[in-house]
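Protein chains in written order, with the numbering used here: chain L, 2 to 361; chain S, 2 to 361; chain Z, 2 to 361; chain G, 2 to 361.
Okay, so here's the structure we're looking at.
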């Protein structure tokens, strides 16, 4: 029960329930002297928050962020950065009828098995609201990475069975935020929107895939055995609510390929030695090789659907369940900044870990 | 560079290079009083070792395991269990010609970027030989889990593009070891064998998928935020050499599904409350729910192929490379015990972590 | 720079500077279902706070504690307990003249060497105000320990060169809080008060020793090698501001003793096997033996004295320094609850760590 | 039960019992490219080993060290350094009569309370033989520190009640190894020898104090809250067998001193800003200030004395105990290299931790 900290040198600790007083976090191990762009952080939070479009839940989380420590005259001091986001629009009574019900594919049952007690209001600690804290931590990591010229960009590449066809190189990053669904292929985006409207009417939901790229990561990040760079990225992604799978480079597809097709030969270039192709996804033997890192994250459909479902309550009695309120038919667009945040924290952490051994 | 330890309470530390004096490990945090079945451990090692069949490399690693501590009169004492496996069949001279060459899709280049120095013989620390140590740690974890009635079973479900068609429930576990390739669907296994023979002739290689099931895991394991049970399983799997992807439950497929299709309703049964279906893969909100846990692990083709490849050496000069010796056309069958070992250690660790809070 | 977390299973993360918006913390890994006595926690904070008597600084820290998460309907839920204490009486301008001055035996100089930047107001992160957060964490640990019948009691045993003469057994715990200085030997307490009044007039300060006892700790706590119970207690104490030494059992005195004098023989009693004497201080081989654990913690005099001192500023220019405001002539009485808090967290952590392996 | 690893970046894991097959360890996180001086390491082991003089036990531990990994062509590679020392002179039968006896002030009783099982031969895991592994880890840390011009030197400053009178500055480091007892004040050394001879005849033992200095440590090491440099040094020392106390700077003495006496003023020197005096012991606010770090470690008398003692066995029956064989009347001289080893590992770890944030 002591797992609410992520990272080894660049660390984030999170706390807070959906309908408690506040959620918050502590970033520990951020380098000192980093200038903080508060607007940037708020903007990252806004990208995650519900109510951005007709496809996201109308709950007005204000996400008003307050920093409490670790920043002095606009710069980090190297001491822990504590921050909170108060929970404002919390109508706990809405949840009284769910107090004893085990919602299908939610964490109600497992929390009770684990703890013997739970804050049932709005999913409590299991609510995706916790990820707002990760977005703050990730925004700070991104600012640090930016100083090192490293960029982290994610986008929606699949919703339901609609998948973008383009190769990574063909996509324009600018297009990501042009799409309501954060899908840079605007044609696919339009199809996805139509599909989600249809699902909304049917009170149903669907999943999707987010793709992420890390540009300009230096070579040498990641540890060769247990803390392989992709293993830490994978854990980070799998820790996000509703994620069911992670793959990097050619991922699951590579299972069916041949070594002769997939091997990346080294060549000499003006920038030094590089790989001719990048089928490996920028990581070899668990360590970054200086090429772009790319990976996919699979999300299941939201478990909260408004159509009627049958389940049981604590006493084992069958109950019919209609989850009230409007819910996102698909959380994937809002999860884009969360994927970026977790990726940024992993890279920041490994940058510091590798830096511990350089220029000695 | 300090990442060679895995786990929080049940921990494994590994050391050793392919062609050094020995590889070895330390299991720290194993419960005291556990009876050790040495034959079982050796058998697990045998399942991983090369030279088992015509599809595995003929190198005769003896894998003679020596325990050095932590076991007294056949039982664990609760103190760290140190063990080594000497490297015997180590012809380092074979590798002299590879000293300065960056083999395609190997870790030669990235190790040098990270450390500035490397033991090039046989892949050094990056060699899959390191995983023998994990199999020993996993075997001890399995014995502990067995006492708790928890079983961990993995098998090959895909090689190249040949995939078993059966549902999980239809498969007979006994069939796994009947198949040379550890594929319990013997018809598929035969097709895979034919495919591998063909690849061998072409000096090429392929990848595959291993599926794993954890039976009878108690509910309540896993931590709800960062150390979600599937996040720790995912990291464990992604830390295995050549793994490119991890998914649990319906994984990547769930991205295209609807909430109404995928939700697992709770029902009352003679065994208490359970889920009617198990699309979630035995884990909800990061915590086990008492149903079977199942997941897939994707392996890329072996990078070591005998056909001629072009790459560069340290100085950036183009070199033609023909990797000598016979190499597995597909490592996936030998990786089955490694997948089981890592899974067993994750579950053992989380069992202890949860037990810390029970019966207080 | 990532060290603001203490403990392995029962963990406390702290953040906050003396004159920032707030200080706060996160208790992670507290067992679920623990009833929280908020008055008890506030009372512990009051015991630490300045302005309790003429011997403590008059700054009115209100120490108004707000819990933000992890407690539901008065009980812990097993999720992280976040809390903050706002900084109210913060006149930062008072500190402007100290911005560039390195106060003697303060952390001004070392923070700047470490971070290259610092929040100079009131000592920033180095202020003892940070320990209020520890007192909250410790109060929660104490409530957990109380349920296990374990008690943690500290008191002042020396101030300046005035030392209590009594044996531990002769002291009445009730007397601790009867003494303004938390010294249960009221005669010594009176002498200490007189001495401190005298020092106050001379604008000087002095140190002291706090003794601590842990009663009824079960046998078996502590790990035999690096995490010996007394090693973790020692680290906990040495992490408190102004602490210069730690000893347990007969401590430094035992250096001059003989084995024949100091060995604790085992005897059979109605309560089972116990030691006849308890010179060891309740810990043998790093593991508690069920007897009372006792140790001493040495504090140096407060570095903030009002008499004139000479030092240099950032540019190396000599400056005369008169630290304004009234400062405690001796912080030791206020440090009593901090010592208890840190001890309680160490014992709670080790209780959980040992419990992970019991009743399996 | 998972505590056999020390350090965060520079880490040592140890395993092994006194009378098992071997003891050994893994150094993980040592910087790559470090040249290894094997004679130096062996010499450090020799300084610790029994049988060096008439004052140390005659058991001939050969301490033949074998490195198994992590070193290639005489240099560290950045991968884990595994090593073992076989147990040769192990007459386990000698210990059969002690199988069920709880020796006074030994760890027999507490191990059984903790684990329910123990390897009783020669103290098993609780034997000080485990510290040989620490000496190896420390020797590697020392070589790394030497490259950074940091020196770690310890010596005996007290045995029984005989204490050296000299100030630290007056002592010649060369004299340390000239004294059989590693006491650089040769007059005191002679008195100590006489005292130990006397104790030997009486089959008794005594304790002592080791003082340690770290020279030329850069400023900025240590973390300001929980991982204060002196807190980590304290934990390291308290984890050594038989240690009962730790103090740094003026330690316990400072409790009786005044702020005006003890404050270290800053002055400008040719080397930049330094402190005029060094009463703080080189650490302020938990962070090194560039001055010499010095501390004392108190050891209790050896519990193994040959004179007759009374105690009980497992069943609670009173037994008379005469521990056979000759035992050191005082272990303190042999503990000097252990103190140095632990100190060196703490400094190496903090050097890397601080370096992670420099030159970014």
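Where is the CB? At the ideal position from N, CA and C, for every residue including glycine.
Owing to the predicted nature of the structure, the values given are computational and were not obtained by experimental measurement.
Asked                                                                                                                                                                        : Found
Between which two residues does the alpha helix (DSSP H) harbouring residue 137 of chain L extend?                                                                           : 132-148
Quick check: what's the CA-CA separation for residue 65 of chain L versus residue 50 of chain L?                                                                             : 11 Å
I'd like the ranges of any beta strand (DSSP E) spanning at least 3 consecutive residues and lying wholly in the stretch 221-297 of chain G.                                 : 244-249, 267-270, 273-276
Between residue 145 of chain Z and the rest of its own chain, which residues show a CB-CB distance below 7 Å, the 5 nearest in sequence each way excluded?                   : 31, 32, 35, 349
When the distance is taken between beta carbons, is residue 207 of chain L closer than 9 Å to residue 258 of chain S?                                                        : yes
What number of angstroms, rounded off, separates the C-alpha of residue 290 of chain L from the C-alpha of residue 113 of chain S?                                           : 10 Å
Take the Cβ of residue 128 of chain L as the centre, count every other Cβ of all protein chains shown within 10 Å, and call the residue buried at 16 or more, exposed below. : buried
Please check if any C-beta of chain G sits within less than 9 Å of the C-beta of residue 366 of chain Z.                                                                     : For residue 366 of chain Z there is no data in the structure shown, the boundaries of chain Z being 2 and 361.
Would DSSP call residue 201 of chain G helix, strand or coil?                                                                                                                : helix
Would you grab the beta carbon distance between residue 18 of chain Z and residue 120 of chain Z for me? Rounded to a whole angstrom, and I think it's under 8 Å.            : 5 Å
Could you give the DSSP three-state label for residue 178 of chain L: helix, strand or coil?                                                                                 : helix
Can you check whether the CB of residue 82 of chain Z is closer than 9 Å to the CB of residue 27 of chain Z?                                                                 : yes
Among L/247, L/276, L/100, which has the Cα closest to the Cα of residue 240 of chain S?                                                                                     : L/247
Could you tell me the distance, in whole angstroms, from the CA atom of residue 67 of chain Z to the CA atom of residue 286 of chain S?                                      : 28 Å
Does residue 11 of chain G get closer than 9 Å to chain Z when you measure Cβ to Cβ?                                                                                         : no
Which of the three DSSP states, helix, strand or coil, is assigned to residue 348 of chain G?                                                                                : helix
Could I get the ranges of all uninterrupted alpha helix (DSSP H) runs contained in the stretch 58-130 of chain Z, with 4 residues as the minimum, in chain order?            : 109-116
Nearest-angstrom Cα distance between residue 305 of chain Z and residue 335 of chain Z?                                                                                      : 16 Å
Is residue 39 of chain Z helix, strand or coil when you go by DSSP?                                                                                                          : helix
Restricting to Cα atoms, I'd like to know which of S/182, S/284, S/173, S/174 is closest to residue 225 of chain S.                                                          : S/284
Does the stretch 197-217 of chain L come close enough to the stretch 260-267 of chain S that 3 or more CB-CB pairs lie under 8 Å?                                            : yes
For the stretch 309-323 of chain G and the stretch 183-198 of chain G, state whether three or more C-beta atom pairs, one from each stretch, are separated by less than 8 Å. : no
Which class does residue 308 of chain Z belong to by DSSP, given the choice of helix, strand or coil?                                                                        : coil
Please report the distance separating the alpha-carbon of residue 6 of chain S from that of residue 236 of chain S.                                                          : 13 Å
Just how far apart, CA to CA, sit residue 270 of chain S and residue 314 of chain L?                                                                                         : 13 Å
Determine the DSSP secondary structure at residue 153 of chain S, reduced to helix, strand or coil.                                                                          : strand
Tell me which same chain residues have a C-beta within less than 7 Å of the C-beta of residue 157 of chain L, skipping the five on either side of it?                        : 182, 183, 184, 209, 211, 333, 334, 337
Buried or exposed, going by whether 16 or more other CB atoms sit within 10 Å of the CB of residue 161 of chain S?                                                           : buried
Taking the Cβ atom as the reference point for each residue, do residue 357 of chain L and residue 69 of chain Z lie within a distance shorter than 9 Å?                      : no
Does the Cβ of residue 273 of chain G have 16 or more other Cβ atoms within 10 Å, making it buried, or fewer, making it exposed?                                             : exposed
For the stretch 123-136 of chain G, which residues have a CB atom closer than 8 Å to at least one CB atom of chain Z, in sequence order?                                     : 126, 127, 131
State the Cα-Cα distance for the pair residue 325 of chain S and residue 242 of chain S, rounded to the nearest angstrom.                                                    : 21 Å
Given a cut-off of 9 Å on the beta-carbon distance, is the pair residue 342 of chain S and residue 140 of chain S in contact?                                                : yes
From the DSSP output, in three-state form, read off residue 313 of chain L for me.                                                                                           : strand
Using a Cβ-Cβ cut-off of less than 8 Å, list which residues of the stretch 5-39 of chain L approach chain Z; keep chain order.                                               : 5, 6, 8, 9, 10, 11, 12, 14, 15, 16, 17, 18, 21, 22, 23, 24, 25, 27, 29, 30, 31, 32, 33, 34
Tell me the DSSP secondary structure of residue 13 of chain S in three-state form.                                                                                           : strand
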